[in-house]
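The structure appears below as structure tokens.
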Amino acid sequence: MPECLVFRVPAQHPADVSEVMGLVASGAVDATEIVAIFGKTEGNGCVNDFTRQLAVMALETALATALGCTAAEVGARIALVMSGGTEGGLSPHFLVLARREGPAVPEGKALAIGTAFTQEFRAEEIGRMAQVEATAAAVGRAMAEAGLTDPADVHFVQVKCPLLTSARIAEAAARGHGVATHDTYASMGLSRGASALGIALALGEVDREHLADSAIGTRRDLFSGRASCSAGIELMRNEIIVLGNAQGWTGPLAIAHRVMDDGIDLSAIRRVLTDLGFLEAGQLPPPEAERVIALLAKAEPSHDGLIRGRRHIMNDDSDINATRHARALVGGVAAAAIGRTDLFVSGGAEHQGPDGGGPVAVIARVRD
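In this note's numbering, each residue's number is its place in the sequence shown (first place is 1) plus 72.
Structure below.
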């Protein structure tokens with residue numbers, strides 16, 4: 073019976089994979105069991121954030137030795153999802169997700185994981201319906217791999233998606249194709265948005281008839297409450313990781329999610345914790361906080377410039393990007409609830425939750 077394992081380890085810099093490889097060296101996990109690694113790296117989270125690529129290179133190089141294969145082959149078999157930006161008090165870290173055969177247990181649900189990759193996209197497909205459709209199909213494949221037959225059992229879908237650069241735009245133009253935008257930063261949002269709508273389509277959260285190129289990035293009423301999409305320069309395909317609770321899986325871990333209505337929606341985080349059996353009304357005490365293996369959340373400034381009727385300046389600051397402000401805000405709220413700062417808070421929530429809000433999920437140890 074399969075078991076999903078999740079390990080959280082710190083990173084001293086983007087290329088510091090010593091703690092990840094320490095898990096392998098200690099026997100806590102075999103390199104062949106690793107199916108995905110999430111990372112929060114200390115870059116700016118924007119187009120020129122190469123901390124993500126540095127972390128991927130370090131992981132591929134180290135795991136290639138452990139697996140006896142090439143670095144490229146590591147990238148082909150393991151989803152490496154790096155999210156740049158650890159503003160505020162967020163702590164850089166890695167989440168190592170693995171699958172192994174565990175003991176059979178009485179019928180029940182436990183944390184399940186499935187992964188899938190799309191084909192590599194052409195530049196003109198990024199931020200458009202081609203990306204939506206490919207993502208939806210890949211989510212379906214990942215769900216099937218995890219044995220998640222009911223979309224209601226899916227609690228979080230993480231996607232790493234590509235972005236446009238000047239070189240990629242020029243390459244498309246040389247082939248006679250236009251792209252969704254010539255603004256490379258805006259391309260991150262369109263790619264995240266298309267990926268999120270693909271998730272929403274796969275999970276039945278939106279109807280296909282409402283989707284079109286023109287809806288991506290504009291129809292804020294269309295969103296997934298379980299999507300988390302991060303764009304990066306280091307890839308040209310979408311890498312999809314589906315997490316849920318499924319029959320036929322074993323282990324002590326479970327996942328739950330809620331949707332934050334805005335960046336200070338502490339009650340949504342508390343409801344997730346309640347769903348997982350945490351009884352504390354305030355900040356979790358250290359023993360309970362350690363039961364929380366991972367908190368995963370999306371952060372996005374509201375477009376109307378307001379939080380509960382009060383003005384914010386996240387969208388107006390020319391020095392610090394708005395998504396960086398949002399990560400710091402949501403990271404602080406989440407850390408206050410959990411009592412820990414190594415939390416996977418990702419900025420840029422286009423079509424990922426309501427405007428100004430976003431999904432939040434917690435993976436926790438719920439049984440011995």
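The C-beta atom is built at its ideal place from N, Cα and C for all residues, glycine as well.
Of all alpha-carbon atoms in Glu75, Ile312, Ile327, Phe350, the one lying nearest the alpha-carbon of Phe189 is that of Ile312. Straight across, the Cα-Cα distance linking Gly147 with Arg382 is about 45 Å. Counting along the chain, Gln319 sits inside the beta strand (DSSP E) bounded by residues 311–319. Around Arg280, the same chain offers Leu273 as residues with beta carbons nearer than 8 Å, after the five sequence neighbours per side are excluded. Less than 7 Å separates the beta-carbon of Leu269 from that of Val204.
Residues Ala340, Arg343, Val344, Val432 of the same chain have their beta carbon placed closer than 7 Å to that of Arg330, with the five preceding and five following residues left out of the count. In the DSSP annotation of this structure, the continuous segment of the beta strand (DSSP E) that includes Arg437 starts and ends at 430–437. Residue environment for Ser259: buried (at least 16 other C-beta atoms within 10 angstroms of its C-beta).
Annotated as distal: Pro357 and Gly276, with beta-carbon spacing of 7 Å or more. Rounded to the nearest angstrom, the gap between the Cα atoms of Met154 and Cys301 is 11 Å. Taken through DSSP and simplified to helix, strand or coil, Met332 comes out as strand.
According to DSSP, residue pairing for Gly289 in a beta bridge does not occur.
If you ignore the 5 residues before and after Leu348, its C-beta comes within less than 7 Å of the C-beta of Ala326, Ala328, Val434, Ala436, Val438, all in its own chain and listed in chain order. DSSP places Glu352 in the coil class of the three-state scheme, outside both helix and strand. Bounds of any alpha helix (DSSP H) do not take in Glu197, whose DSSP letter is neither H nor E. A residue is called buried when at least 16 other Cβ atoms come within 10 angstroms of its Cβ; Asn317 meets this threshold and is buried. Leaving aside the five residues that flank His249 on each side, the residues in its chain whose CB is nearer than 6 Å to its CB run, in chain order, Glu196. Per DSSP, the continuous beta strand (DSSP E) segment holding Ala371 begins and ends at 364–371. Gln191 sits exposed, since fewer than 16 C-beta atoms from the chains shown fall within 10 Å of its C-beta. Partner residues in the beta bridge of Thr187, as assigned by DSSP, are Ile313. Annotation for Gly156: Thr113, Gly115, Gly117, Asp121, Thr123, Arg124 place their beta carbon closer than 6 Å to its own, counting only its chain and skipping 5 residues before and after. Taking the Cα of Arg396 as reference, the smallest distance to any Cα among Gly420, Ile379, Ser374 is reached at Gly420.
For the set Arg171, Pro373, Ala170, Thr142, the Cα lying nearest the Cα of Ile392 is the one of Pro373. For Val229, the closest of Val96, Arg298, Glu132, Ser390 by C-alpha to C-alpha distance is Arg298. Leaving aside the five residues that flank Ala244 on each side, the residues in its chain whose CB is nearer than 6 Å to its CB run, in chain order, Ala195, Glu196, Val251.
Counting other Cβ atoms within 10 Å of its Cβ, Arg264 reaches 16 or more and is therefore classed as buried.
Proximity to Ala242 across His254, Gly261, Ile305, Val231 peaks at His254, based on C-alpha coordinates. Between Ile379 and Asp334 the beta-carbon gap is near 6 Å, inside 8 Å, which marks them as a contact. Judged by DSSP secondary structure, Arg149 falls within the alpha helix (DSSP H) whose first and last residues are 143–149. Contact between the region 81–101 and the region 285–295 is absent: fewer than 3 CB-CB pairs across the two stretches fall below 8 Å. For Gly429, the number of other beta carbons within 10 angstroms of its own is at least 16, and it is reported as buried. Residue burial is scored here from C-beta neighbours: Gln424 has at least 16 other C-beta atoms within 10 angstroms and is therefore classed as buried.
Distances from the alpha-carbon of Ala87 to those of Ala371, Glu145, Leu135, Ala144 put Leu135 closest.
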